[in-house]
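Right, one structure below, let's go through it.
Protein chains in written order, with the working numbering: chain A, 797 to 911; chain B, 109 to 223.
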């Protein structure tokens, strides 16, 4: 069965620290990969996505992620976090299953950035 | 473009009561989805509709029913609410084809409490 693992459930950083959130997936076929962010009290917004091509993808607000096929990983990075990055981050994998586009989410990582 | 809208934003129900959560999208998307979000569990798919006139069960369909009223609207009904259905419910939609079919757009959510 397809699954997505996010290794860190809670991360606490100080402003200007670097961020890396881990994401591993299990799926045998071609995958599309996503990171979504949910700011406090808001709905999910797309941070970045990977479909094909350059495995290093850049998203909004200075975030980037690297797809490493051999490791089934799609880790999210940001060189210098800000207080406004405090949010919950969800990795998601999409594949065709049962004839429709199925999006499987990880459990999420809560990031708290202190000034 | 309003994107994906949901009503109501908040709801409190007593055990055994029924209610319908409404969702509408104005992006001409074919596919629509209902998820529930619980702490530490990410988002889990309740039901989805690949196109107007079709609906299928997702990962956690028990206790719910859905209606794809037309291309724009997809409602979720709780016939007899239970405390285990206390959650935040998100509606999402995805586009007609190509890469658009894989990216899902989310509504603002409905926070439901069942006492």
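Note that beta-carbon positions come from the ideal geometry of N, C-alpha and C, so glycine has one too.
Measuring CB to CB, does residue i end up less than 9 Å from residue j?
i, j, result
"residue 870(A)", "residue 840(A)", "no"
"residue 155(B)", "residue 174(B)", "yes"
"residue 910(A)", "residue 816(A)", "no"
"residue 145(B)", "residue 197(B)", "yes"
"residue 153(B)", "residue 171(B)", "no"
"residue 215(B)", "residue 150(B)", "no"
For residue i, does the three-state DSSP call read helix, strand or coil?
i, result
"residue 858(A)", "helix"
"residue 867(A)", "helix"
"residue 193(B)", "helix"
"residue 139(B)", "strand"
"residue 201(B)", "strand"
"residue 938(A)", "Residue 938(A) cannot be examined here, being either before or after the span of chain A that is shown, 797 to 911."
"residue 876(A)", "coil"
Given a threshold of 16 other Cβ atoms within 10 Å of its Cβ, counted over all protein chains shown, does residue i qualify as buried or as exposed?
i, result
"residue 808(A)", "exposed"
"residue 881(A)", "buried"
"residue 177(B)", "exposed"
"residue 158(B)", "buried"
"residue 120(B)", "exposed"
"residue 118(B)", "exposed"
"residue 838(A)", "exposed"
"residue 224(B)", "A query on residue 224(B) cannot be resolved here, the shown segment of chain B reaching from 109 to 223 and no further."
"residue 865(A)", "exposed"
"residue 900(A)", "buried"
"residue 139(B)", "buried"
"residue 904(A)", "buried"
"residue 799(A)", "exposed"
"residue 908(A)", "exposed"
Q: Please go through the segment 141-181 of chain B and give each complete beta strand (DSSP E) segment of 3 or more residues, from N-terminal end onward.
A: 151-157 and 172-176
Q. Using 8 Å as the threshold, is the segment 824-839 of chain A in touch with the segment 127-135 of chain B, meaning 3 or more CB pairs across them?
A. no
Q) If you pair each beta-carbon of the segment 178-191 of chain B with each one of the segment 112-124 of chain B, do three or more pairs fall below 8 Å? A) yes
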